[in-house]
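In our numbering, the protein residues as written are 1046 to 1230.
All residues carry an ideal CB built from backbone N, CA and C; glycine is no exception.
Quantities reported herein were computed from a predicted structural model and do not represent experimental measurements.
So, in C-alpha cells, the structure goes:
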C-alpha cells in the first residue's frame, strides 16, 4: 500500500521513541510505530516526493552492505525517492570509534563520514563509478547534498577548539555520534 497523503514527516526506525509530529516507521510493531515496513530491502509505502522531512536516529548502523546485501544503498535510494526536492533528512548514528557503536551486538557495520560521499552523484561518477546505478543495478541512484557534524564526548565541552580538533582526529571516544543533514537535490 502506498501512502499518498501529501507532504508528511517520517521518523525512520523510531522504535518506541517516535518524534512528536512525525509518522513512526519501524520494522517492528512497537508502541508508537504507525507504519511497519521493511526499510532494508522493501519499497517504502510513500509515493515519490511526498515526504517533506525525515528523521533517523540510531538506525543506519543496523543495516549492512556486506555479504551481497545492499541494505544501506537501498535505504538511501528509497529515502531519496520519497523526499521532496529540497527536503531534509536528519541522520544520527554512532561514530565508528565509539563504544556507542561497538557496545551493541545488533549493529552490523560502522559508518564513517567518508561514506556520505557516495550519496553525491558527481562524486560517484568521478571516484566510484562502480557504485552508481547507471553501472551497477544494486548501486546508488540518489543525489544528496550533505553537512556532517559530531556529537562530542561531554569531557570536551570546556576545551578549546584546537584541542577538540586534535581529539576528534586522534582519540577514541572523542566523537560519540555522527550528525548529518541530507538535502535532496
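Using a Cβ distance threshold of 8 Å, residue 1132 and residue 1096 count as a contacting pair.
For residue 1207, the enclosing alpha helix (DSSP H) has its first and last residue at 1206-1215.
One alpha carbon belongs to residue 1081, the other to residue 1090, and they sit about 10 Å apart.
Beta-bridge pairing by DSSP links residue 1195 to 1223. With fewer than 16 neighbouring CB atoms inside 10 Å of its own CB, residue 1217 falls in the exposed class. In the assembly as shown, residue 1152 is a buried residue. Its beta-carbon has 16 or more other beta-carbons within 10 Å.
Beta-bridge partners of residue 1201 (DSSP): none assigned. Fewer than three Cβ pairs drawn from the region 1208-1215 and the region 1176-1194 lie within less than 8 Å of each other, which leaves the two stretches out of contact. Within the model, the alpha-carbon separation for residue 1179 versus residue 1186 is close to 8 Å. Here residue 1131 is not bridged, per DSSP, to any residue.
With three or more CB-CB distances shorter than 8 Å, the region 1053-1067 counts as touching the region 1097-1115. The bridge partners DSSP lists for residue 1098 are 1054 and 1133. Taking the C-beta atoms as reference points, residue 1085 is found no nearer than 8 Å to residue 1106. According to the DSSP secondary-structure assignment, residue 1070 is paired through a beta bridge with 1057 and 1080.
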